[in-house]
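Numbering-wise, the sequence shown is residues 1 to 161 according to UniProt numbering.
Taking it in order: structure first as structure tokens, then the write-up.
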Amino acid sequence: MTAADVAMDAAETAGPCTLRSPTAGWYLLTVSRLAARGTGRVGTGELAEQLDTSPASVTEMVGRLAEDAVLEYEKYAGVELTPRGAAIAESLAWRQCVVTSFFDRVLAYDIDDYTAYRIGYTIPETGVHRLQERIDDPRVDACRRIGEGSDGCLVEAHAEG
């Protein structure tokens, strides 16, 4: 099986409903954003600081996520997303971006990132697609911030794909 096959399988089985909790998804999304800024590996201390939580809590959640095969964790080396974890994080980022764009463009409301994430996590994929259909002009700056390192708009990219 090639790396491309693994990535395709991961993308097909990825989705927020495969995670333990919304908090687990927030961890994956945060790891994805931090990894995009550097080497791909993220230290647990850096993750704890970004999430504003204790290092012990981060270590516990990282262990669970490693058991779920969405993160690879090496003590003292940090964490890295698996192909499945990266696919889930991308799906979550898209959902968050759609919700952010919907609130901004349709409701004229500047929603905070975590609330947009929770809404995107909670509603079914068909609901996210319905929101996406109502967005004439996606909020590209939010997509870039949410997608961290993404050049394009996650809303438009998902609509094309």
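Glycine residues also receive a C-beta, built at the ideal position from the N, C-alpha and C atoms.
What separation, rounded to the nearest whole angstrom, lies between the Cα atoms of residue i and residue j?
i, j, result
"Q50", "V58", "11 angstroms"
"Y73", "A89", "16 angstroms"
Does the beta-carbon of residue i, which I'm using as the reference point, lie nearer than 6 angstroms to any heavy atom of the ligand ZN?
i, result
"G43", "Questions concerning the ligand ZN fall outside what the structure shown contains, since it holds no ligand whatsoever."
Have a look at the DSSP bridge pairing and note the partners of residue i.
i, result
"V58", "Its beta-bridge partners do not exist; DSSP assigns none."
"E74", "G78"
Mark residue i as exposed unless 16 or more other C-beta atoms lie within 10 angstroms of its C-beta, in which case mark it buried.
i, result
"V6", "Reliability of the predicted coordinates at V6 is poor, the pLDDT of 44 falling under 50, and no value is obtained from them."
"E60", "exposed"
"L107", "exposed"
"G63", "exposed"
Find the nearest neighbour of residue i within the set the options, judged by alpha-carbon distance.
i, options, result
"L19", "L47, G85, E72, L34", "G85"
"K75", "A87, S91, A56", "A56"
"R33", "E133, W94, D104", "W94"
"S21", "A66, T122, P83", "T122"
Of all Cβ atoms in chain D, is any one closer than 7 angstroms to the Cβ of residue i?
i, result
"Y109", "The structure shown contains no chain D; it holds only a single protein chain."
(message) Does the contact criterion of 3 or more C-beta pairs under 8 angstroms hold for the region 37-45 versus the region 75-86?
(response) yes
(request) Determine, using beta-carbon pairs with one atom in the region 92-112 and one in the region 122-132, whether at least three such pairs fall under 8 angstroms. (result) yes
(message) Under 8 angstroms, with one C-beta from each stretch per pair, do the region 19-27 and the region 113-127 reach the 3-pair mark?
(response) yes
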